[in-house]
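What follows is a set of notes on a single structure, which appears directly below.
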Amino acid sequence: MTGGPLLELDGLSTHYVGARGTRITRAVEDVSLTLNAGETLGIVGESGSGKTTLALSILRLLPPGARIVSGALRFEGEDLLAKSPREMQHIRGKRIAMILQDPMASLNPLFTVGDQVAEPIRVHEHASRRSAWAQARNLLGSVHIAAPERRVGEYPHQLSGGMRQRIVGAIAISCGPRLLIADEPTTSLDVTIQAQYLHLLSEIQRERGLALIFITHNLGIVARMCDTVAVMYAGRIVESGPVRRIFDAPAHPYTRALLESIPRFGEADVRLTAIDGQPPDPAALPAGCAFQPRCVKAIDRCRVERPPRFVVGAKHGAACWLCG
Amino acid sequence: MLLDVRNLTKHFPVKRGLFGGEVGRVRAVDDVSFVVETGRTLGIVGESGCGKTTTAKLVLLLERPTAGEIRFDGHPLGSLQGEGLRAYRRSVQAVFQDPYASLNPRMRVGEIIAEPLVTNERLTADETRVQIHRLLDIVGLPQRSATLFPHEFSGGQRQRIAIARSLALSPKVIVLDEPVSALDVSIRAQILNLLRDLQRDLGLSYLFIAHDLAAVAHMSHVIAVMYLGQIVEIGEARAVARSPQHPYTQALFAAALPSHPDERRDEIILMGEVPSPLNPPAGCRFHPRCPFVMDRCRVEVPTLRDSEGREVACHLYTGVVSAPTGVPAG
Amino acid sequence: MSNSRAASLTLPWRFPSVRIEAQALIPIVILTVLMLTAIFADVIAPYNPEIGTLGDRFQPPAWLTGGSTAHLLGTDHLGRDVLSRLIFGARVSMVVGFMAVIFAGVVGTVLGVLSGYLGGWVDQLIMRITDTWLALPGLTFAIFLAAIVGPSMWNIVIILALVFWTRYARVIRGEVLSLRERDFVRLAIVAGCSKRTIMRRHILPNVLNSAIVIATLMLGIVIVTEASLSFLGVGVPPPKPAWGLMLADGKKGMMAGYWWLTVLPGTCIALLVLSSNLLGDWLRVKLDPQLRQL
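Protein chains in written order, with the numbering used here: chain A, 1 to 324; chain B, 325 to 654; chain C, 655 to 948.
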């Protein structure tokens, strides 16, 4: 373990290749980012932005047909792209963990909660069943599940949505990972349950020095939880930087439009700024800048040439010709 | 007032065994009263199990109430059948959450939009076509959409189609059940703006149901907060959002995500889960999770009372006893 | 406007664009050939299938010793040309098969829709009938009915339809139960549509895909049942050629080594059943994800 960044992506690109190699969808294109230990990164994007594919790329859990075609991926200084499937297996769940949106889909309805929380411990740390179950009980306590001794014997369908998501969280942290990737973890939860859950994640992060990556479409989560933000559009990062800078002075028109389109309390009479059109189909991207058809500030150059990333401030950059 | 809902109650019996002896009741909606005024929006917020969707179904007459009544334009809906029911349906339409499930995948968009017209009026083919075009225009979709099928449209566009259809009979009230939750963030503003414009131009009233507090606060004139089948607070949207009175409303608004990293909210983290409407707690239904619970709350059910310009059902506020229906207009 | 993500097979008069993969090509070709054979049997068949010359009996197919090009696939125990009988037999099998499947489909789908949408006593009644019907063993029941009403092609069609409608009803009812909860049905109620209109306009078109898939899968079973009935002597009456009947007749010749009298009609049956099953499987995959996606 060096003093370098925990996670480094350098020009990472993931493409989906259709049957017979004809259709190529550039789901993730030329993504570079850095994450330090204990930090929280928010990756913001809508459907088709490639954010989930990015998360799966980091864990090398891509579906058949998808391939990382270029770029570098380093975790704790180690090149993840050079790892064999067996080595990746040791990393997943133990050093990098993931939480998904739907807790019911993440839990196996046929196994007890205890079995499922204990499983990673047994697999990665070769613990005995008894010891793993004991650790599972403790973990349930860490995620604030009341009466853990009783819960370990229960099945997922006996628990509420919020509790299930906590179980998923417990499974994720069971082997002490350094990085936790959460893909829309609270989208299916009620507002107050979501607040509880985010509070819990913050607590776990503080206690265990976890780095978090939040994949979300909700800027509110970013505002609440994240230190840095990367905004994705059509597979590329269009803006990235410290969270306050992004919220105070967004440089990219997409980021700006997103922030202005969200209703805020106390602004009931203000007309929301809508973004015309819809997010592009990743298989059929426009020429030049992908956002240009919907951008109110587009200039001729935008339609022809794709802008590179321009530095706008300290660690803050945006891919827009207007920033160059 | 256009829609006057009084003491609306809906219980679903839970049956066991082959011959169905009733072993319990799901108190989905319990003694709910509110008013929707012409040209105004009533927003209903609440979490899972609070009864807001059931309330929507009751207003749309997709379910019949166990007790209570709904008056439309002064006339009680009661046991409306036939022509009376038809007239009501003409005036009250709906837009639902899932744009992918709201449109029959086998019908062309023009047919979908015109269905309410075809069902309720005798129009010639030409007249129908004119209406379809008018409605497509209103929601900002191109004319050629009429011959296409739903799957050729994006989520936001489908929601526009659903809105166009809901306007076909020139209704007075539209029930919007989570109309933008399933849409991409950048599309939501489009649809919300459209809805507001339509309200302004056509004098529509909305029953806006959502879990996104900011969206509800943005769109509504009046907000009603529901918990486990009951309204715990109801009043002017601005007032409720700025200074919520009921402890649940406070927790709800405190839990809402900030719109800026520096926005500090008092963290009110509620304990426990939302109890099931099958077995609501005695007394005030919120008391097991309430940070300000008193002995009285465990026993006595609080009723809605006036407090600082809105109505709150909470023992913390002893105010003037008001008539349990309606909301002060304006 | 985003394009449709994949080619969709909906009802022919709506959307004719379909992408046919190799997997489906073979069954489609085979079924088309069989259908054309059945339609143009009069033109294609070299001989009258029902009349034979006793002097020419048990001639082997042309490529074996003793065979001749006069009878490409040989002759049977009555001297009738096997090829012609196979060709006309295709007509019987296809007609009986398709008709039975269609009749069963119509009855089963309608009852399934009524049962699923209306619920209540209608549902109970139809489901109890279905349960009872399903409890009867298909083939035995068919034999029983055939023995009662006597053999004739249309009787067989009706009997087969009666035996197999329940498969549809069950599955369609299940689909309707979930369709009923979909938002577009709710919105139709809100728009004031009557139950009848909803069933006709919203429910029925959306279960047709499933009905079609079930039909293709049922075709194989129906054909085999028809062949079994013919084999047992209670199917389509002789001298009309039916593949099952040819199997039965050919049985007598097995010991003497006249294998073509059983193997050839058996192969035809197998081809037809296999093709319809493969087609049904392909259709199911093609249509289902579409449904769920929508």
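All residues carry an ideal CB built from backbone N, CA and C; glycine is no exception.
Pick from the options that is closest to residue i, judged by C-alpha positions
i, options, result
"Glu361/B", "Gly406/B, Ser494/B, Phe396/B and Arg430/B", "Phe396/B"
"Leu925/C", "Gln677/C, Leu688/C and Glu675/C", "Leu688/C"
"Ala486/B", "Ile812/C, Gly828/C and Leu841/C", "Leu841/C"
"Pro263/A", "Gln417/B, Val556/B and Ile515/B", "Ile515/B"
"Arg244/A", "Lys315/A, Gln135/A, Gln205/A and Ser261/A", "Lys315/A"
"Asn517/B", "Asp619/B, Met543/B and Ser529/B", "Met543/B"
"Ser357/B", "Cys614/B, Val383/B and Arg349/B", "Val383/B"
"Leu12/A", "Asn218/A, Pro5/A, Thr34/A and Thr22/A", "Thr34/A"
"Leu732/C", "Pro893/C, Ser929/C and Gly920/C", "Pro893/C"
"Arg520/B", "Gly559/B, Ile462/B and Gln554/B", "Ile462/B"
"Ala230/A", "Leu258/A, Leu41/A and Gln196/A", "Leu41/A"
"Ile181/A", "Asn108/A, Leu81/A, Leu54/A and Glu260/A", "Leu54/A"
"Pro582/B", "Pro308/A, Cys226/A and His90/A", "Cys226/A"
"Phe477/B", "Phe310/A, Gly277/A, Val17/A and Ile68/A", "Gly277/A"
Residue i in three-state terms, based on DSSP
i, result
"Leu327/B", "strand"
"Thr52/A", "helix"
"Asp30/A", "strand"
"Thr14/A", "strand"
"Asp730/C", "coil"
"Ile462/B", "helix"
"Ile705/C", "coil"
"Met781/C", "helix"
"Asp422/B", "coil"
"Thr362/B", "coil"
"Phe336/B", "strand"
"Val876/C", "helix"
"Arg938/C", "helix"
Closer than 9 Å to chain C by CB, residue i
i, result
"Ala378/B", "Looking at the sequence shown, residue 378/B is not Ala but Thr. So, not an interface residue."
"Phe396/B", "no"
"Asp422/B", "yes"
"Val416/B", "yes"
"Ser426/B", "yes"
Distance CB(residue i)-CB(residue j) smaller than 9 Å
i, j, result
"Phe247/A", "His584/B", "yes"
"Trp914/C", "Gly728/C", "yes"
"Tyr912/C", "Pro714/C", "yes"
"Glu371/B", "Leu332/B", "no"
"Gly766/C", "Val697/C", "no"
"Thr879/C", "Val825/C", "no"
"Pro177/A", "Val113/A", "no"
"Leu100/A", "Ile58/A", "no"
"Thr686/C", "Ile741/C", "no"
"His252/A", "Glu46/A", "no"
"Leu655/B", "Ala418/B", "The requested residue 655/B does not occur in the structure, where chain B is confined to residues 325 to 654."
"Leu366/B", "Leu385/B", "no"
"Arg562/B", "Ala541/B", "yes"
"Ile756/C", "Ala869/C", "yes"
Min CB distance residue i to chain A below 9 Å
i, result
"Leu594/B", "yes"
"Ala486/B", "no"
"Pro466/B", "no"
"Ala548/B", "no"
9 Å Cβ cutoff, residue i in contact with chain B
i, result
"Thr40/A", "no"
"Asn860/C", "yes"
"Leu12/A", "no"
"His157/A", "no"
"Cys847/C", "yes"
"Pro308/A", "no"
"Ala257/A", "yes"
Neighbour list for residue i in chain D, Cβ cutoff strictly below 9 Å
i, result
"Arg622/B", "The chain labelled as chain D is not found among the protein chains of the depicted structure, namely A, B and C."
Inside the segment 570-633 of chain B only - beta strand (DSSP E) runs reaching at least 3 residues
629-631
What residue ranges within the segment 196-284 of chain A form continuous beta strand (DSSP E) runs of no fewer than 3 residues, ordered along the chain?
211-216, 228-233 and 236-242
Report the start-end ranges of each beta strand (DSSP E) in the segment 384-416 of chain B that is 3 residues or longer and not cut off at the edges.
391-396
Counting only runs of 4+ residues fully inside the segment 887-916 of chain C, write out the alpha helix (DSSP H) ranges in chain order.
897-908
Runs of beta strand (DSSP E) wholly within the segment 95-164 of chain A (minimum 3 residues, chain order)
96-99
Would you list, in sequence order, the uninterrupted alpha helix (DSSP H) runs of no fewer than 4 residues that lie entirely inside the segment 469-508 of chain B?
479-490
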